[in-house]
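In the order they appear, the protein sequences are chains A, B, C and D.
Final position of the first sequence in my numbering is 242; the numbers increase by one with none missing.
Final position of the second sequence in my numbering is 242; the numbers increase by one with none missing.
Final position of the third sequence in my numbering is 242; the numbers increase by one with none missing.
Final position of the fourth sequence in my numbering is 242; the numbers increase by one with none missing.
Glycine included, C-beta positions come from ideal geometry on N, C-alpha and C.
There are 4 protein chains.
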Amino acid sequence: MATIRVTIWNEFLHEKEIPSVTELYRDGIHEHLKRVLQREGFAIRTAYLEQDEEHGLSDDVLRETDVLLWWGHAAHHKVSDAVAERVVLRVQEGMGFIPLHSAHMCKPFTRLMGTPCALQWRDAGERARLWCVSPTHPIAKDVPLQFTLENEEMYSEVFQIPKPDDIVFITWFQGGNVFRGGVTFTRGMGKIFYFHPGHETWPTYYNENVLKVIQNAIEWAAPAGLRDLNPNAWVEPLETL
Amino acid sequence: MATIRVTIWNEFLHEKEIPSVTELYRDGIHEHLKRVLQREGFAIRTAYLEQDEEHGLSDDVLRETDVLLWWGHAAHHKVSDAVAERVVLRVQEGMGFIPLHSAHMCKPFTRLMGTPCALQWRDAGERARLWCVSPTHPIAKDVPLQFTLENEEMYSEVFQIPKPDDIVFITWFQGGNVFRGGVTFTRGMGKIFYFHPGHETWPTYYNENVLKVIQNAIEWAAPAGLRDLNPNAWVEPLETL
Amino acid sequence: MATIRVTIWNEFLHEKEIPSVTELYRDGIHEHLKRVLQREGFAIRTAYLEQDEEHGLSDDVLRETDVLLWWGHAAHHKVSDAVAERVVLRVQEGMGFIPLHSAHMCKPFTRLMGTPCALQWRDAGERARLWCVSPTHPIAKDVPLQFTLENEEMYSEVFQIPKPDDIVFITWFQGGNVFRGGVTFTRGMGKIFYFHPGHETWPTYYNENVLKVIQNAIEWAAPAGLRDLNPNAWVEPLETL
Amino acid sequence: MATIRVTIWNEFLHEKEIPSVTELYRDGIHEHLKRVLQREGFAIRTAYLEQDEEHGLSDDVLRETDVLLWWGHAAHHKVSDAVAERVVLRVQEGMGFIPLHSAHMCKPFTRLMGTPCALQWRDAGERARLWCVSPTHPIAKDVPLQFTLENEEMYSEVFQIPKPDDIVFITWFQGGNVFRGGVTFTRGMGKIFYFHPGHETWPTYYNENVLKVIQNAIEWAAPAGLRDLNPNAWVEPLETL
Chain A
2 MATIRVTIWN
12 EFLHEKEIPS
22 VTELYRDGIH
32 EHLKRVLQRE
42 GFAIRTAYLE
52 QDEEHGLSDD
62 VLRETDVLLW
72 WGHAAHHKVS
82 DAVAERVVLR
92 VQEGMGFIPL
102 HSAHMCKPFT
112 RLMGTPCALQ
122 WRDAGERARL
132 WCVSPTHPIA
142 KDVPLQFTLE
152 NEEMYSEVFQ
162 IPKPDDIVFI
172 TWFQGGNVFR
182 GGVTFTRGMG
192 KIFYFHPGHE
202 TWPTYYNENV
212 LKVIQNAIEW
222 AAPAGLRDLN
232 PNAWVEPLET
242 L
Chain B
2 MATIRVTIWN
12 EFLHEKEIPS
22 VTELYRDGIH
32 EHLKRVLQRE
42 GFAIRTAYLE
52 QDEEHGLSDD
62 VLRETDVLLW
72 WGHAAHHKVS
82 DAVAERVVLR
92 VQEGMGFIPL
102 HSAHMCKPFT
112 RLMGTPCALQ
122 WRDAGERARL
132 WCVSPTHPIA
142 KDVPLQFTLE
152 NEEMYSEVFQ
162 IPKPDDIVFI
172 TWFQGGNVFR
182 GGVTFTRGMG
192 KIFYFHPGHE
202 TWPTYYNENV
212 LKVIQNAIEW
222 AAPAGLRDLN
232 PNAWVEPLET
242 L
Chain C
2 MATIRVTIWN
12 EFLHEKEIPS
22 VTELYRDGIH
32 EHLKRVLQRE
42 GFAIRTAYLE
52 QDEEHGLSDD
62 VLRETDVLLW
72 WGHAAHHKVS
82 DAVAERVVLR
92 VQEGMGFIPL
102 HSAHMCKPFT
112 RLMGTPCALQ
122 WRDAGERARL
132 WCVSPTHPIA
142 KDVPLQFTLE
152 NEEMYSEVFQ
162 IPKPDDIVFI
172 TWFQGGNVFR
182 GGVTFTRGMG
192 KIFYFHPGHE
202 TWPTYYNENV
212 LKVIQNAIEW
222 AAPAGLRDLN
232 PNAWVEPLET
242 L
Chain D
2 MATIRVTIWN
12 EFLHEKEIPS
22 VTELYRDGIH
32 EHLKRVLQRE
42 GFAIRTAYLE
52 QDEEHGLSDD
62 VLRETDVLLW
72 WGHAAHHKVS
82 DAVAERVVLR
92 VQEGMGFIPL
102 HSAHMCKPFT
112 RLMGTPCALQ
122 WRDAGERARL
132 WCVSPTHPIA
142 KDVPLQFTLE
152 NEEMYSEVFQ
162 IPKPDDIVFI
172 TWFQGGNVFR
182 GGVTFTRGMG
192 KIFYFHPGHE
202 TWPTYYNENV
212 LKVIQNAIEW
222 AAPAGLRDLN
232 PNAWVEPLET
242 L
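What follows is the structure, given as structure tokens:
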């Protein structure tokens with residue numbers, strides 16, 4: 002199988018501003034994820050909001066990307082509409098897309114969903130327990146049917162997304178909430194997995210189960226058997242009319 | 002049950018330009034549908050592209066609309082982005098939305114879907130047979146499990162939509178094609194039914210089965226038990242942390 | 002609308018054997034539910050395991066039943082295969098079916114699902130919080146988007162059911178578990194809603210939200226637009242071959 | 002990846018009785034499929050109805066089977082209940098299951114579905130066109146988005162199955178019918194793909210697209226990341242109660 006080409010996009014603001022985040026992810030969540038995920042044999046590049054006018058996501062970069070990870074939070078509005086639209090189009094053509102944590106409201110994801118993707122949240126560092134409810138799903142492979150994050154930001158229902166293709170994980174939170182926190186969608190030829198863990202102030206991306214889920218998701222979302230879907234166009238009859 | 006307030010929106014261009022269409026729908030598809038559907042007890046108003054700058058869809062009109070029908074074809078691009086966005090937001094709040102026929106590519110629908118909604122087509126007036134594959138669905142109530150339109154524009158797969166909540170009808174076409182032609186979606190509190198019949202040059206909206214499906218769809222899509230979904234916001238814990 | 006004819010079936014063993022259950026449901030869970038639900042205008046009859054050889058579910062009774070509620074626990078194996086099969090066939094023909102709580106493993110439900118319907122459980126009287134994740138669903142109408150049961154038996158994932166048509170409620174449990182506890186299925190013309198609350202030692206069926214959900218589920222599951230689906234049979238071509 | 006162990010089960014009656022079938026499949030559909038599929042590197046064995054009292058499907062054989070193909074037609078009732086139940090249990094544990102053509106009413110499939118799986122049929126050798134409506138599905142990989150079988154038995158809606166996980170193919174028939182003819186389901190850890198082509202009197206299993214779909218389905222249905230799902234059992238709390 003060809004090497005999967007991954008681009009990890011990160012807003013990369015909190016890491017430079019909040020000491021506790023700097024301590025966890027000195028050169029950014031993107032560089033941290035790149036280090037740990039490239040052990041799995043992916044060809045990884047990174048990009049970030051202030052990299053250039055296109056936020057590091059030129060048309061060429063996206064053309065050479067099989068799966069795009071996206072971490073954003075405070076600056077969704079600073080992502081240009083043109084870049085957001087470019088990502089949407091690439092997903093529809095077949096690029097895998099994995100919005101992480103607070104990327105639930107990033108421009109490409111809300112445009113692909115057609116809903117606000119709002120949720121209820123609480124940053125209290127409470128315990129989160131992820132329960133697998135689709136044990137046959139490739140994204141759940143070799144991941145325990147239940148695992149725990151001692152501290153994570155709480156995200157809660159009602160999560161305003163369309164009905165997912167599959168709910169892979171439902172998360173229990175200590176404070177009394179539940180969340181469909183690992184969910185898949187298809188848009189055109191593109192496969193999408195939203196995964197909620199990853200608040201910047203907790204060492205979530207050091208957790209081996211979280212990393213395994215992300216690795217599985219990359220492999221699942223990578224295009225296989227890509228093809229051009231039809232444009233909106235006239236076609237000849239197959240039978241005599 | 003309160004009377005359902007329906008707004009029928011129509012592009013209303015072909016009726017003024019193409020003699021065969023004028024003959025079928027002299028005062029527009031919208032006025033024709035209004036006449037036949039108001040027998041079912043709906044409170045119906047109509048609106049059209051060139052009615053005013055907002056295409057007849059002011060904020061007030063949409064606030065007073067429970068279910069919006071939409072027929073458009075040649076001038077999707079002439080619908081203002083502001084009005085399209087207003088429709089999208091109202092659907093997410095709970096307004097039912099029923100795009101008909103060539104409205105498969107209208108702005109509000111493609112934005113709610115997050116996909117191009119492209120398809121393959123052929124205007125040869127061929128025979129179409131609609132097969133019900135969800136016989137318990139309210140939209141299929143009192144409609145034959147199979148019915149025929151002697152002449153209809155052909156729409157074919159691959160229809161580039163997300164996976165529907167339910168496929169109510171699959172259409173067989175004489176020329177060898179099939180089409181998921183009656184499909185439901187939910188976006189926020191809003192229920193959506195796309196239904197393919199209704200090419201302007203054929204008397205499709207005189208067919209009693211087509212009209213029954215549209216009537217059922219209006220009743221199904223009308224908001225019931227509307228409520229405000231949460232904004233994206235902080236919430237208190239329910240349990241002691 | 003015609004009055005909905007409901008049959009409430011109950012195993013009716015614990016109520017005669019366990020003092021705390023007797024105190025809550027002296028004449029049985031079935032008679033209690035009958036009293037509270039008939040205020041909603043349903044025509045209700047009851048039946049129970051030891052009523053007669055057919056457990057009160059003769060062919061005539063089932064023919065006159067629009068929606069069947071089923072509460073069972075310790076004696077699933079005492080339900081005759083013939084009666085279980087009769088229920089399955091009636092559901093496929095269009096009778097609504099609402100297995101409650103420990104009926105998750107009753108014969109008719111597991112046969113309709115094709116899976117064991119096993120789950121993990123713990124009877125510790127812990128707190129349960131039900132979260133609505135399908136706010137447009139008729140079963141959720143006028144029910145809070147989150148409500149609490151102070152004491153309920155815990156049921157946990159992995160719940161071995163097929164993928165539900167809709168997940169209406171996901172339940173959070175104090176002890177760290179989650180459960181897809183309010184889920185819908187369709188089998189033939191029959192609509193099914195499994196709902197987890199209702200352990201016999203807690204006053205769950207006095208909770209107004211639980212009762213409202215059951216009332217909604219009855220109205221949703223009642224047959225509407227019933228029709229005979231085709232037998233497996235030869236058919237004439239619709240087109241010339 | 003470990004070699005996938007496939008068992009092809011065949012009723013193997015028509016091949017011995019009907020000359021036109023003998024001509025196509027002299028030593029049985031099972032042996033024919035074995036010959037062509039083993040080129041793909043699968044480890045294949047075959048079994049058939051009259052092989053022995055267990056129809057060649059001993060517990061040992063099923064334990065050593067990753068994916069079971071099943072072709073049956075006239076003698077579904079001759080398959081013992083014990084063997085049918087054994088297959089059902091193995092599927093729930095994770096064995097892939099691919100019922101072909103008239104196996105739509107075989108005992109294991111109907112038990113896994115919980116529905117009659119009835120359909121309408123016509124054996125007129127008419128043209129069938131298979132349309133892919135899930136172009137990202139692994140079963141559709143490298144298969145044309147539309148392909149044709151010049152002669153096939155017609156199978157038509159309403160196909161009495163539960164809502165599939167995915168509809169991969171919808172088939173158009175010359176005589177005016179449509180059919181959800183390539184559909185997936187999950188039951189426990191087991192993945193199921195029903196595929197309609199394969200009437201014994203036509204050379205369907207010589208068609209390269211049909212064979213490619215079956216090959217893909219085997220690879221998709223093969224267990225990956227198998228695990229024991231929980232029995233119905235008591236569990237300790239994860240949190241202090």
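Check                                                                                                                                                                                         : Outcome
With distances taken Cα to Cα, identify the nearest neighbour of residue 4 (chain B) among B:77, B:140, B:25 and B:224.                                                                       : B:224
Quick check on the burial criterion: 16 or more other C-beta atoms within 10 angstroms. Buried or exposed for residue 218 (chain C)?                                                          : buried
Out of B:42, B:38, B:51 and B:220, state which residue places its alpha-carbon closest to the alpha-carbon of residue 17 (chain B).                                                           : B:51
Determine, for residue 134 (chain A), whether the minimum Cβ-Cβ distance to residues of chain C falls below 8 Å.                                                                              : yes
Assign residue 235 (chain D) to buried or exposed, taking buried as 16 or more other Cβ atoms, counted over all protein chains shown, within 10 Å of its Cβ.                                  : exposed
In the DSSP output, which residue or residues are listed as bridge partners for residue 243 (chain C)?                                                                                        : Look at the range of chain C in this structure, 2 to 242, and you will see that residue 243 (chain C) is not part of it.
Below 7 Å, is the gap between the Cβ of residue 25 (chain C) and the nearest heavy atom of the ligand COA?                                                                                    : Looking at this structure, you won't find the ligand COA or any other ligand, since it has none at all.
Do residue 193 (chain D) and residue 131 (chain D) have their C-beta atoms within less than 8 Å of each other?                                                                                : no
Around the Cβ of residue 78 (chain A), are there at least 16 other Cβ atoms within 10 angstroms (buried) or fewer (exposed)?                                                                  : exposed
Leaving aside the five residues before and after residue 144 (chain A) along the sequence, list all residues of the same chain whose C-beta is less than 8 Å from its C-beta, in chain order. : 133, 210, 213, 214 and 217
What three-state label does DSSP hand residue 203 (chain B) in the structure shown?                                                                                                           : coil
According to DSSP, is residue 54 (chain C) helix, strand or coil?                                                                                                                             : coil
Output needed in chain order: residues of the segment 173-197 of chain C with a Cβ under 8 Å from some Cβ in chain D.                                                                         : 175, 176, 177, 178, 186, 187, 188 and 189
Taking Cβ-Cβ distances shorter than 9 Å, what residues in chain A pair up with residue 130 (chain C)?                                                                                         : 177, 178 and 179
Counting only runs that start and end within the segment 24-112 of chain B, where is the beta strand (DSSP E) found for 3 or more residues in a row?                                          : 44-49, 68-72 and 97-101
Taking C-beta pairs closer than 7 Å, name the residues in chain C that residue 201 (chain A) reaches, listed in chain order.                                                                  : Neighbours of residue 201 (chain A) on chain C: none; closest Cβ ~25 Å, over 7 Å.
With DSSP run on the structure shown, which of helix, strand or coil describes residue 131 (chain C)?                                                                                         : strand
Give the C-beta separation of residue 105 (chain C) and residue 120 (chain C) to the nearest angstrom, bearing in mind that I take them to be a contact with Cβ-Cβ under 8 Å.                 : 6 Å
If we define contact as Cβ-Cβ less than 8 Å, is residue 159 (chain B) a contact residue for chain D?                                                                                          : yes
In whole angstroms, what is the alpha-carbon distance linking residue 155 (chain D) and residue 165 (chain B)?                                                                                : 26 Å
Which residues in chain A sit within 9 Å of residue 146 (chain C), going by Cβ to Cβ distance?                                                                                                : 158 and 159
Given that residue 171 (chain B) touches chain D, what residues does it touch there, using C-beta distances under 8 Å?                                                                        : 158, 171, 179 and 181
Terminal residues of the continuous beta strand (DSSP E) containing residue 212 (chain C)?                                                                                                    : Element bounds for residue 212 (chain C): not the beta strand (DSSP E) but the alpha helix (DSSP H), 209-222.
Output the boundary residues of the alpha helix (DSSP H) element that contains residue 158 (chain B).                                                                                         : Run containing residue 158 (chain B): none; DSSP gives neither H nor E here.
Would you please verify whether the beta carbon of residue 224 (chain B) is less than 8 Å from any beta carbon of chain A?                                                                    : no
Measure the alpha-carbon distance for residue 158 (chain D) versus residue 170 (chain B) and round it to whole angstroms.                                                                     : 11 Å
Find the residues of chain D that neighbour residue 228 (chain A), judging by a C-beta separation of less than 8 Å, and give them in chain order.                                             : 136 and 146
In chain order, what residues of the segment 49-73 of chain B put their CB closer than 9 Å to some CB of chain F?                                                                             : Among the protein chains in the structure shown, which are A, B, C and D, there is no chain F.
What is the rounded straight-line gap between the Cα of residue 195 (chain B) and the Cα of residue 98 (chain B)?                                                                             : 8 Å
How about residue 123 (chain D) and residue 176 (chain D): are their beta carbons less than 8 Å apart?                                                                                        : yes
Please confirm whether residue 239 (chain D) has its beta-carbon closer than 8 Å to some beta-carbon of chain A.                                                                              : yes
Just to confirm the assignment, what range does the alpha helix (DSSP H) spanning residue 18 (chain B) have?                                                                                  : 15-18
Could you give the C-beta distance for residue 91 (chain A) and residue 70 (chain A), rounded to a whole number, given that I count them as a contact under 8 Å?                              : That belief does not hold up - the Cβ atoms of residue 91 (chain A) and residue 70 (chain A) are roughly 14 Å apart, past 8 Å.
Please confirm if residue 217 (chain A) has its CB atom under 8 Å from at least one CB of chain B.                                                                                            : no
For chain D, is any of its Cβ atoms less than 8 Å away from the one on residue 166 (chain C)?                                                                                                 : yes
For a contact defined as C-beta to C-beta under 9 Å, what are the partners of residue 122 (chain C) on chain D?                                                                               : 233, 234, 235 and 236
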